[in-house]
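The numbering used here applies: residue 414 is where the sequence shown begins, and numbers increase by one. For each residue, glycine too, the CB sits at the ideal point set by N, CA and C. This one's a predicted model, so the numbers in the text were calculated from it and none came from an experiment. First up is the structure itself, then whatever we jot down about it.
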Amino acid sequence: IFAGTSLKATGVDFLKSQNTREHHTDGYTIKNLVVRRGQPFQVKVSLNRELRAADKLSLRFGIGENPTKIRGSLMSLKPEKEHDFNGWKVSVVKKNGKECLLSVTSAPSAPVGKYTLNVKTGSNIYKPENGVIYLLFNPWCEDDAVFMADEAQRKEYVLNDTGYIYVGSAYSIYDRPWNFGQFEEFVLDACMYLLEKSKLSLSKRRDPAYVSRAMSALVNANDDSGVLLGNWSGNYSGGTAPMDWIGSVTILQNYYKTKKPISYGQCWVFAGVLNTVMRCLGVPARCVSTFNSAHDTEENLRVDIYLNESGEKLNWMSLDSVWNFHVWNDVWMKRTDLPDGFDGWQAIDSTPQEQSQGVFQCGPCPVKAVREGDVYLPYDGKFVYAEVNADKVYWMVKKVNGKDKYIKLTTETQDIGRNISTKAVGQNKREDITLQYKYPEGSKEERKSMERACSFIRPSGLVPRSGYASTVDERRMTPGKPMVLHETVTKTGLRLEITNTEALHPGNPLELAITVKTSTPGNWTIDLAGSCQLQYYTGEVQANLGTIKETIMLEGQSEMQIPLKIAPDAYMKTLASVDDEVLILVTAIAEVKETNDKLTKETSMRFEYPPITVQMPEIAKLNNEFTCAFIFKNKLNVALENCKLLVEGLGIFKMTTFDQGDIMPGRIMKSEVICTPTRLGEKKIVAKLTSNQIKGISTEKAITIIE
């Protein structure tokens, strides 16, 4: 060929299997190349002739609409000349006839997103097929803000596509299996669509703090027609009830298809989806459940709870609420925007609770700032701090001459923010991370942290703050030193314990007990009021089931157990009429006549259900069918109506719902599915049974897929 032939690229091989293996992106189900920033990947360019010294060859990576060099959205890399452009590097690995193997390293702070690769030779531009490359955050790269040093942690928080979300109540925590599915088809595309939708500038797309804040806003539909519509009404017609999801995949796939919010979510669904989105983009993430989480609307570190004389909670009076549990996410990053010492886990929350800067978004808030009481640091430190540290004040509302009178009963300083939980690294069990969020209750450090926080959040004086209790003149309260509340201490050493004496099976009587204890010498006359209610996990009461009133005599150090029994008829109707899982709330008020000591205690418990068992082989071969059977025996005394079995196994079985009709007492349901595994390694099948009476019996089983 004479010297005049102009150089043209004729093909680009993205060496997908080699690059994705090295970049830990081989899991993504997508035609395109997915790589992580700050780490080299190779491309093989085919040319119409050999490369010569005088040739001009450049790889051009563009991001966004109309990329330009001046805006930093077009990287033009010339392997033979300058090796560095905006922190991106390119070099020739080897030339072999008409082929040229190049190594490209993106900047460790490059904007995350979709880049289009063109090869420019002189005035010719070659646009390869599937020339869009997805660039993600890189926890394996020391210079990336999301760098995580521990391989076991990276495996869990970035690469694990299944896990658990902890729910229930502090009295009975249970794990709900959840399929994150960040590698499934269209999930990465859905995340990229959310990035475009966020309208983040290119420079903000470099920073995991901005990206995670934007995602916390986009996973709820409130301001921006994001992914999920929240609904706590108990009526979910026209959508999927929050209890009926077992993973994020269907939600993100349907959202990407329709570009419209999916119905419906509650906190664990928001957290499950946000966890998927962050792991998918390459930011280490975990779901965090807090039991007795305060939703403190006025940022005064206090939640007021109003009871009637029977000890029943009066929901309509409270402005604030205590959720039995609340789930948010922690994401791992260096906070370059903050003073030193606040790197590491950052709390973000996509459940639409309160607006932040005019939008339903929350975080990232450094977990260390929550622990130290540095609540002024961005973002939303005050709200997160209150969720795990607020105090509970109980008030009794008594009618006196036709007017409501408020009597302060008890202050609880240690009940909020208990058992903060996440899935342990590399194990199927719960890890308690409470001490990452707060110092031990009652320790010197905890008091210091509380005083620090109180200097930024001004707790109000102790007056009831119900919307209905504004008759008290608040102006008389002297401002000045913030009030740090103290746990109620009684002269009699009065203590209350609430337990169940029989298993809490739907259809059986609820056998509950309140134990009253005293510890100081003397004869004590104690008025006890106890109540049992059904409530949503958000603390909202659904039904009053019954109350007891007793006067008991105790002497010195002694105790007495008072039974509280609720017949099935009192609660079964409510159980079957709501589409949520409800908890049993027992509240007790004790008053010592001789000393006027008052004490309140509440405990939430969950119903207990018969299990589903899964039968399937422990090992199966890739692309070979195997059978998986689900067996459930209704050991309850009531029929379960309108049963549905939900099944999903990532890389094994697409999310499917099977109608099972009614399952009578004593009857056995057996349901079989045929699975064809499409991916190697340890996989899980997750199943959940829902019915009118029971919302959440779930199970899972692992299987290893071999060649």
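Own chain, CB closer than 7 Å to residue i, minus 5 neighbours either side, in chain order
{"i": "Val662", "result": "Asn592, Gly594, Glu597, Val600 and Met1068"}
{"i": "Cys778", "result": "Gln759, Ala760, Tyr792, Asp793, Gly794 and Val797"}
{"i": "Leu548", "result": "Val448, Arg450, Ser519, Ala523, Val525, Gly526 and Tyr528"}
{"i": "Ser769", "result": "Cys775, Tyr792 and Asp793"}
{"i": "Asp1072", "result": "Lys1057"}
{"i": "Lys1014", "result": "Leu909, Ile911 and Ala1001"}
{"i": "Thr951", "result": "Trp645, Ser734 and Trp736"}
{"i": "Glu1095", "result": "Ala1115 and Thr1117"}
{"i": "Lys747", "result": "Ala558 and Asp756"}
Under 9 Å between C-beta atoms of residue i and residue j
{"i": "Leu907", "j": "Val1005", "result": "yes"}
{"i": "Ala583", "j": "Asn737", "result": "yes"}
{"i": "Thr1000", "j": "Gly724", "result": "yes"}
{"i": "Thr826", "j": "Asp804", "result": "yes"}
{"i": "Leu1063", "j": "Arg1092", "result": "yes"}
{"i": "Ala523", "j": "Arg619", "result": "yes"}
{"i": "Lys1057", "j": "Leu1102", "result": "yes"}
{"i": "Tyr668", "j": "Leu641", "result": "yes"}
{"i": "Lys836", "j": "Tyr579", "result": "yes"}
{"i": "Ile1025", "j": "Ile1065", "result": "no"}
{"i": "Thr823", "j": "Thr901", "result": "yes"}
{"i": "Phe683", "j": "Thr575", "result": "no"}
{"i": "Leu996", "j": "Ile870", "result": "no"}
{"i": "Thr749", "j": "Ala622", "result": "yes"}
{"i": "Ala565", "j": "Gly757", "result": "no"}
{"i": "Ile586", "j": "Ser702", "result": "yes"}
{"i": "Arg784", "j": "Tyr577", "result": "no"}
{"i": "Leu923", "j": "Ile979", "result": "yes"}
According to DSSP, residues forming a beta bridge with residue i
{"i": "Ala942", "result": "Lys962 and Ile1002"}
{"i": "Leu925", "result": "Asn913 and Leu977"}
{"i": "Pro453", "result": "Thr518"}
{"i": "Lys759", "result": "What sits at residue 759 in the sequence shown is Gln, not Lys. Answer is Val744 and Pro779, bridged to Gln759."}
{"i": "Cys1056", "result": "Gly1074"}
{"i": "Trp937", "result": "Leu967"}
{"i": "Val902", "result": "None, per the DSSP bridge assignment."}
{"i": "Arg831", "result": "Phe704"}
{"i": "Trp501", "result": "Phe498"}
{"i": "Ile538", "result": "Lys533"}
{"i": "Ser585", "result": "Ser582"}
Residue i in three-state terms, based on DSSP
{"i": "Asp1029", "result": "With the sequence shown as reference, residue 1029 is identified as Met, and Asp is not the correct amino acid for it. Correct three-state label for Met1029: coil."}
{"i": "Glu555", "result": "coil"}
{"i": "Trp745", "result": "strand"}
{"i": "Gly485", "result": "coil"}
{"i": "Lys1205", "result": "This structure leaves residue 1205 out entirely; the chain is present only between 414 and 1120."}
{"i": "Arg692", "result": "helix"}
{"i": "Ala1115", "result": "strand"}
{"i": "Tyr949", "result": "coil"}
{"i": "Arg1092", "result": "coil"}
{"i": "Thr433", "result": "helix"}
{"i": "Tyr649", "result": "coil"}
{"i": "Arg462", "result": "coil"}
{"i": "Pro590", "result": "strand"}
{"i": "Met809", "result": "strand"}
{"i": "Gln666", "result": "helix"}
{"i": "Lys672", "result": "coil"}
{"i": "Asp804", "result": "strand"}
{"i": "Met863", "result": "helix"}
{"i": "Leu642", "result": "strand"}
{"i": "Val995", "result": "coil"}
{"i": "Thr987", "result": "helix"}
{"i": "Ser868", "result": "helix"}
Other residues of its chain near residue i: CB distance less than 6 Å, five sequence neighbours each side excluded
{"i": "Pro541", "result": "Val425"}
{"i": "Ala654", "result": "Asp992"}
{"i": "Gly477", "result": "Ser486"}
{"i": "Thr433", "result": "Asp439"}
{"i": "Met809", "result": "Leu720, Ile820 and Leu822"}
Proximity test, residue i beta-carbon vs the ligand COA heavy atom, cut-off 8 Å
{"i": "Gly1079", "result": "In the structure on display, the ligand COA does not appear, and there are no ligands present to speak of."}
Residues near residue i in its chain [Cβ-Cβ closer than 8 Å; skip 5 each side]
{"i": "Arg888", "result": "Since pLDDT at Arg888 reaches only 33, below the 50 mark, its modelled position is unreliable, and the value read off the structure follows with that caveat. Once the five neighbours on either side are set aside, Arg888 has no close Cβ partner at all."}
Does the stretch 693-708 come close enough to the stretch 730-747 that 3 or more CB-CB pairs lie under 8 Å? In short, these stretches touch, since the Cβ pair count reaches three.
Are the stretch 674-683 and the stretch 558-571 in contact at 8 Å, needing three or more beta carbon pairs? Contact fails: fewer than three Cβ-Cβ distances are below 8 Å.
Using 8 Å as the Cβ pair cut-off and three pairs as the minimum, do the stretch 1099-1113 and the stretch 688-695 touch? Verdict: no, contact absent.
Any contact of the stretch 950-957 with the stretch 1021-1037, i.e. 3+ C-beta pairs under 8 Å? Flag = no, the stretch 950-957 and the stretch 1021-1037 do not touch.
For the pair the stretch 491-502 and the stretch 451-470, tell me if three or more CB-CB distances fall below 8 Å. The answer is yes - the stretch 451-470 touches the stretch 491-502, with three or more Cβ pairs under 8 Å.
Is the stretch 959-966 in contact with the stretch 1007-1015, if contact means three or more CB pairs nearer than 8 Å? Judged by Cβ distances under 8 Å, the stretch 959-966 makes no contact with the stretch 1007-1015, as fewer than three pairs qualify.
With a cut-off of 8 Å, do at least 3 Cβ pairs link the stretch 1044-1054 to the stretch 630-649? They do not touch, by the three-pair rule.
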